[in-house]
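Engineer:
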Amino acid sequence: MIELFHVSLRYPGADRPALDDVTLEIRKGEFCLFAGPSGAGKTSLLRLLFCAEAPTAGQVLVGGRNLARLKAARVPEVRRNIGVVFQDFKLLPEHSVLDNVALALEVQGRRLEEVRERAATVLEQVGLGHKLHQPAERLSGGEQQRVAIARALVVEPAILLCDEPTGNLDAERAQGILELLVTAHVRGTTVVVATHDPALLGGNRRVVRLEDGRIVADVPAFAPLPAAILDTTRWDA
């Protein structure tokens, strides 16, 4: 599903690479967490998978396609199979909740009736069926996060990428977001989450720990987590 071979990424003017010789395989149907402190390279990995960045070295393959060699005209084709939840949500603030989610389907050229019905169904699933016509700007941070997740899921992506989906949420709202991601995973979506929230670790989720752009630990789902990964003093270094 996702393969990275000796991938490095250095942003222009940066003192050090954002990613340094990363090799990784994520199988279809996995729930994988990119864990580590700010600046570890988690977001950079997601940006590579979404074709928002090109590697400085190495290969990035999604569904067998080498993204480094992908022509710009083919990028939308790849992205149609990927749902993304950004840190800043990227919602249209003055538009309704329903319109924000429906837009993801409209750009695919689907029939209007199908678009509105599908968007409303997914919003019901994330607990926002009662706020379909509310402007996005009037929602709480947790509700806006749910809209962003609904927008990512409405296209039924093969892969869901989430960048800090529980950031700045209290424990109860963070648990609600995690449950949505788990539900998507149970339905067959490959879920990849960048996080520096230790509360998300464990269970049926694989944990790939990054520090300074390198993978320093890769713990399979259901395996005991090493003390170094659970040490919260190292998460905000």
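Numbering (numbering that gives the first Met the number 0), first residue to last: 0 to 236.
C-beta: ideal position from N, C-alpha, C; glycine also.
For L90, collect the residues of the same chain with a Cβ closer than 7 Å to its Cβ; drop the 5 residues on either side in sequence, then sort them by chain order.
Structural biologist: N99, A135, Q143, V146 and A147
Engineer: CA-CA distance, F4 and A56?
Structural biologist: 9 Å
Engineer: Which stretch, first to last residue, makes up the alpha helix (DSSP H) that contains T120?
Structural biologist: If you look at T120, you'll find it in the alpha helix (DSSP H) that goes L111 to Q124.
Engineer: So V146 is in the beta strand (DSSP E); what residue range does that whole segment cover?
Structural biologist: Where V146 is concerned, there is no enclosing beta strand (DSSP E), although the alpha helix (DSSP H) it sits in stretches over G140 to L152.
Engineer: Can you check DSSP and say which residues form a bridge with R240?
Structural biologist: In the structure displayed, the chain extends from 0 to 236; residue 240 sits before or after that span and is not available.
Engineer: For D19, report the span of its beta strand (DSSP E) as first-last.
Structural biologist: L18 to I25
Engineer: Would you report the Cα separation of V77 and C31, rounded to the nearest angstrom?
Structural biologist: 20 Å
Engineer: With distance defined between alpha-carbon atoms, name the residue in P225, L209 and E155 nearest to R117.
Structural biologist: Looking from the CA of R117, the closest CA among P225, L209 and E155 belongs to E155.
Engineer: Starting from S43, follow the alpha helix (DSSP H) in both directions and report where the run begins and ends.
Structural biologist: K41 to L48
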